[in-house]
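Okay, so here's the structure we're looking at.
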Amino acid sequence: MNALVQIVCLVAIAPLLQGTMHSIRAKLQGRPGPSPWQVYRDLQKLWAKEALVPTGTSALVVAAPGIVLGVALTFAALVPPVAGGGATPVNAVAMALLLALGRCVLVLAAFDVRSSFAAMAASREMTFASLTEAPLILALLSGAIAAPALPMAESGGQAPVASILAAGALLLVMLSETARIPVDNQATHYELTMIHEGLVLEFSGWQLALIQMAGCVRQAAFFLLAARMLPGTSGITLVWIVAFVGLLPVVERMYAKMRLFEVPQLFASAAVLAAASVGLRIAGLGAW
Amino acid sequence: MSLDSLFANAEPRRALGFAALLSTAFVALLAIMLHGTPGLVLTPPIEPNVLRLDFGSTTLALPFFALIVLVVPAVAGWGLTRGTATDGFQLALFVLAMLGVLLAQSVAAFFFAWEMMSLVSAFLVGTHHERRDVRRALLSFVLISQLGALCILAALALLGAHAQSFRFVDIARLAPILPAGMRSAIIALALIGFGSKAGLVPLHFWLPRAHPVAPANASALLSGVMLNVALYGLVVTCFTLAGPVPLVWGVVILLVGLLTAITGALYAAVDSDFKRLLAYSSIENLGIIASVAGLAIVAIGLHEPALAELAFVALLLHAVSHGVFKSLLFLGAGNVAEAAHTTDLEHLGGLRRTLPLTAPLVLIGCAAAAALPPLTGFASEWLVFTSFVRLLPAVPSGLAALIAIAIGILAATSGLAALAFVKLFGVAFLGEPRTIHKVAEERVDPSFIGLGWLAFLCIAFGLAPSVPVTLLIGVASTLSGSAIFDPGPLPTLPVLLGALPFLGAIVALAVARARGVRLVPTWTCGSPVTSRSQYTATAFSKPVRRIFGFVLFPDHVEVRDIGASRWFPIRIRYTFTTRYIVDDVARNVAAAAQRFARRTRIVQAGLLRVYLAYAVAAVLILLVIAR
Chain C
1 MNALVQIVCL
11 VAIAPLLQGT
21 MHSIRAKLQG
31 RPGPSPWQVY
41 RDLQKLWAKE
51 ALVPTGTSAL
61 VVAAPGIVLG
71 VALTFAALVP
81 PVAGGGATPV
91 NAVAMALLLA
101 LGRCVLVLAA
111 FDVRSSFAAM
121 AASREMTFAS
131 LTEAPLILAL
141 LSGAIAAPAL
151 PMAESGGQAP
161 VASILAAGAL
171 LLVMLSETAR
181 IPVDNQATHY
191 ELTMIHEGLV
201 LEFSGWQLAL
211 IQMAGCVRQA
221 AFFLLAARML
231 PGTSGITLVW
241 IVAFVGLLPV
251 VERMYAKMRL
261 FEVPQLFASA
271 AVLAAASVGL
281 RIAGLGAW
Chain V
1001 MSLDSLFANA
1011 EPRRALGFAA
1021 LLSTAFVALL
1031 AIMLHGTPGL
1041 VLTPPIEPNV
1051 LRLDFGSTTL
1061 ALPFFALIVL
1071 VVPAVAGWGL
1081 TRGTATDGFQ
1091 LALFVLAMLG
1101 VLLAQSVAAF
1111 FFAWEMMSLV
1121 SAFLVGTHHE
1131 RRDVRRALLS
1141 FVLISQLGAL
1151 CILAALALLG
1161 AHAQSFRFVD
1171 IARLAPILPA
1181 GMRSAIIALA
1191 LIGFGSKAGL
1201 VPLHFWLPRA
1211 HPVAPANASA
1221 LLSGVMLNVA
1231 LYGLVVTCFT
1241 LAGPVPLVWG
1251 VVILLVGLLT
1261 AITGALYAAV
1271 DSDFKRLLAY
1281 SSIENLGIIA
1291 SVAGLAIVAI
1301 GLHEPALAEL
1311 AFVALLLHAV
1321 SHGVFKSLLF
1331 LGAGNVAEAA
1341 HTTDLEHLGG
1351 LRRTLPLTAP
1361 LVLIGCAAAA
1371 ALPPLTGFAS
1381 EWLVFTSFVR
1391 LLPAVPSGLA
1401 ALIAIAIGIL
1411 AATSGLAALA
1421 FVKLFGVAFL
1431 GEPRTIHKVA
1441 EERVDPSFIG
1451 LGWLAFLCIA
1461 FGLAPSVPVT
1471 LLIGVASTLS
1481 GSAIFDPGPL
1491 PTLPVLLGAL
1501 PFLGAIVALA
1511 VARARGVRLV
1521 PTWTCGSPVT
1531 SRSQYTATAF
1541 SKPVRRIFGF
1551 VLFPDHVEVR
1561 DIGASRWFPI
1571 RIRYTFTTRY
1581 IVDDVARNVA
1591 AAAQRFARRT
1601 RIVQAGLLRV
1611 YLAYAVAAVL
1621 ILLVIAR
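Going line by line, the protein sequences match chains C and V. Residue numbers for the first sequence follow the numbering used here, so the first one is 1 and each next one is one higher. Residue numbers for the second sequence follow the numbering used here, so the first one is 1001 and each next one is one higher.
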């Protein structure tokens, strides 16, 4: 029941989080920027529009947006609920492989539309995903190692340093998963630099609405996941989420997009953080 | 009278081959049904009974019999319409040899069946012996097979000498009192012997050459079943014949497995040949299976029988699941090779239009191999990860660090495997054809029943993993001595993960049908979409090649045909290469062996009087020793 309420809330506020971040980034760049509610309007507009599908494609391209949204909703449901109930530690692997399902479907669609922009983006997306898999799974597991029977947040309270390291690793992975600077740029209009946007270049109208909604939900779920791994009670979890929403636009403002082949270093740092977190836990340094 | 003249007409011969191969599946079924009954003993009248041949159906072999029962009929059905006429008989002999290995209960029986398996598979690999690369692959295959067989023979001989008996029952009974040094020697020999056959790094280099050059149905059995039989040998040695294995050997096997898994995945990710990519993926999966075997040894060493049982179930499930999806993929590769006359991904493309039946079946196989939910690869890989994760709190911190690193490596492996299989399907089946050859239309025939059956198994084992798991628990508990198996959320997990994406696909298709979609050309900055503008397999894996350049050593050769002006070249040809470190080492070792052989050839002068002198010397030395 709690989980159901959580999904509904997450889906409802996911576009608001995205809109707020757009708005903050615009302010930081000295632009008036859109209202935080703009994403809802965009989604509504896109949903009402017809979809253009490239000729000669298979049913995969039509079905892909639905699959991707299904994956995002399931992912949101797997995040341990804020109010009670725990995630079993092994769900970390299920989560990572679930995200892989959504990604692989989009990448196959990119091959199907025969655009080299899409395939180039697909190549980068799969490469980065194969590099983030290890830090993602290790970071998610870290919360569950010290006390397999406990939900993530409770174990976070036991070892604050380890939890902060794990959450940090998760946030670095999230930069890639949600297509943010310095890994990717959501706002780019230049196809050759696109990763996630390039992948969905051929989707339009209601199909694009589904994919964008999926992106918002996945991002919100990542926020909640990282917040749940940090020490604190349910109320503080919400504070963490607000902090992420405020912090990410600042990061995007401060940094430029990294060179493609420097991004793996970022993931290497994520892996080191996650490994350090796991290391602290298994070394039995409970107070940390 | 030769078989050829007996079956001058090819079609009845093909049907007979099919029947022969199918009957081996019944033999496997019989082996399952005869489980628990006293075995068969063939005793030649020689003392001591070194050559006695004992056969019997043991619990540990049951999952492997089941795999043969599931896979062989599909492979046989494929060969009925698509293979060459002699394939059926050769494959039947091959499966019988593998059944012999699984049934063997004495040293001689095991080694006889093992050598038979190696020899028959050598003939399968050498099917196209008119090609030079096939002959080279065959040579390294045979050499490594025989090197491995010698190690296995040495290990079994040591065991037999210790037990003063060559029956596996006696050997297993006396295994706990093996001297420590001897036990280590046996495990090391078994790891080299069985590991070289299972394609464990660094003795894997022959596999990506040998497996792809065999006909598709032979490749399916080589990769899908024989590799598992090789691993069965390692498991039997470690847990029955020479057990309990010291913990440190568990760590060694775990490390070898991890190295194999990541190596296989990395080379699969950058390879651009359909069948060779599948062979590298086999290396990856066998590495995963070996690492879980190592984990099980560690768990037993730490007196955690329940966790060892979990690891065994994961091992067996992944072995069965890999056997099923890899057979499916190799048979699919056979269909591709038949229609397109090539398996080079650079020349394939758009096959979903010409092969509309093969495409969805291969897609299911690829998704299972990429461990995507809710297919069988997901269920088994999830269980593999879970057995690592659950052991983490139970081990001392040094070992825990190793297991945490292992989880990270397995995660990277699964990421790279997903990349490899998305590339495989995306490049070969989607988009536009890249080849200049004409791709033949799909031949719809009964062989698709077999492919469909394997694809059905991929889905069924994925959606209802509790069915195979329940059967495997019984096998696993005999090894670990535990009967507490906690599958966690596994029984419902695949459905839980797969339901919404499946529903989403249905809804998206329904909305598209209701509202209609407008068909437009693909947008590529105004230039037309041609097969030449598409991304290729090599281009797709370029970032991986570059990021992992420190092991792959990517290089390219550029050939410019400049013609009249160097600024307007007529033709530019790039060739991309990656270096295989292990191959280089193997080549050096082979060259050194040849040099050594050439030097020692001096003693073989070919002069009668020299040989007589050797004989006299030998007799003298014997007399001195025996005095």
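Backbone N, C-alpha and C fix where the C-beta goes; we use that ideal spot for every residue, glycine too.
With distances taken between CA atoms, PHE1461 of chain V lies nearest to V:PRO1373 out of V:PRO1373, V:VAL1517, V:ARG1434 and V:SER1387.
Using beta-carbon distances, THR132 of chain C counts as an interface residue toward chain V, with a partner under 9 Å. Contact of ALA271 of chain C with chain V by beta-carbon distance below 8 Å involves GLY1408. With a contact defined as Cβ atoms closer than 8 Å, ILE1177 of chain V and VAL1245 of chain V miss out at about 14 Å. Counting along the chain, the unbroken alpha helix (DSSP H) around ASP42 of chain C starts and ends at 38 to 48. When C-beta atoms of the region 38 to 51 of chain C are compared with those of the region 260 to 269 of chain C, fewer than three pairs fall below 8 Å, so the two segments do not count as touching. Look at the region 1168 to 1211 of chain V and you find no whole run of beta strand (DSSP E) that is 3 residues long or longer.
VAL1225 of chain V places its beta carbon 9 Å or farther from that of SER1380 of chain V.
DSSP places GLU1558 of chain V within a strand segment (E or B) once states are collapsed to three. Beta-bridge analysis with DSSP links TYR1574 of chain V to V:GLU1558. Here DSSP, grouped into helix, strand and coil, assigns PRO249 of chain C to helix.
Fully enclosed alpha helix (DSSP H) runs of no fewer than 4 residues occupy 1493 to 1515 of the region 1482 to 1539 of chain V, in order along the chain.
For ASP42 of chain C, not one C-beta of chain V is nearer than 9 Å to its own C-beta. Under the 10 Å beta carbon count, PRO54 of chain C is surrounded by 16 or more other beta carbons and is classified as buried. Within a 10 Å sphere around the beta-carbon of TYR1232 of chain V sit 16 or more other beta-carbons, which makes this residue buried. With a cut-off of 8 Å on Cβ pairs, the region 1355 to 1375 of chain V is in contact with the region 1451 to 1469 of chain V, counting three or more such pairs.
DSSP, reduced to helix, strand and coil, places VAL53 of chain C within a strand of the structure shown. When the alpha-carbon of ALA1590 of chain V is set against those of V:HIS1128, V:THR1037 and V:SER1140, the nearest one is in V:SER1140. Assignment of PHE1055 of chain V by DSSP, reduced to helix, strand and coil, places it in the strand class.
In summary, the residues of the region 1516 to 1542 of chain V whose CB is separated from some CB of chain C by less than 8 Å are GLY1516, VAL1517, ARG1518, LEU1519, VAL1520, PRO1521, THR1522, TRP1523, THR1524, CYS1525, VAL1529, SER1533, GLN1534, TYR1535, ALA1539, PHE1540, SER1541 and LYS1542, in the order they occur in the chain. Counting along the chain, LEU10 of chain C sits inside no beta strand (DSSP E); it lies in the alpha helix (DSSP H) bounded by residues 2 to 28.
Per DSSP, the continuous beta strand (DSSP E) segment holding VAL1041 of chain V begins and ends at 1040 to 1042. HIS1322 of chain V counts as buried, since at least 16 other C-beta atoms from the protein chains shown sit within 10 angstroms of its C-beta. Collapsing the DSSP output to three states places SER1106 of chain V in a strand.
Not one beta carbon of chain V lies nearer than 9 Å to the beta carbon of CYS216 of chain C.
The three-state secondary structure of ASP1344 of chain V, taken from DSSP, is strand. Taking a C-beta distance under 9 Å as the contact criterion, LEU199 of chain C and ALA100 of chain C do not qualify as a contact pair.
If you check the CB distance, VAL278 of chain C and ALA1411 of chain V do not come in under 9 Å.
In the structure shown, the three-state DSSP call for ASP184 of chain C is coil. Interface with chain V (9 Å Cβ-Cβ cutoff): THR127 of chain C is included. Non-local beta-carbon contacts of LEU1153 of chain V in its own chain, meaning distances under 7 Å to residues more than five positions away in sequence, involve PHE1111 in chain order. Listed as beta-bridge partners of ASP1273 of chain V by DSSP are V:ASP1344. Contact check for ALA1476 of chain V and PHE1312 of chain V: beta-carbon distance about 4 Å, within the 8 Å limit, so the pair qualifies.
The alpha-carbon of LEU1042 of chain V is positioned some 47 Å away from that of THR1342 of chain V. Residues of chain V with a Cβ closer than 8 Å to the Cβ of MET258 of chain C do not exist; the shortest Cβ-Cβ separation is about 13 Å. Taking 9 Å as the cut-off, the beta carbon of SER1531 of chain V is found closer than this to the beta carbon of GLY1431 of chain V.
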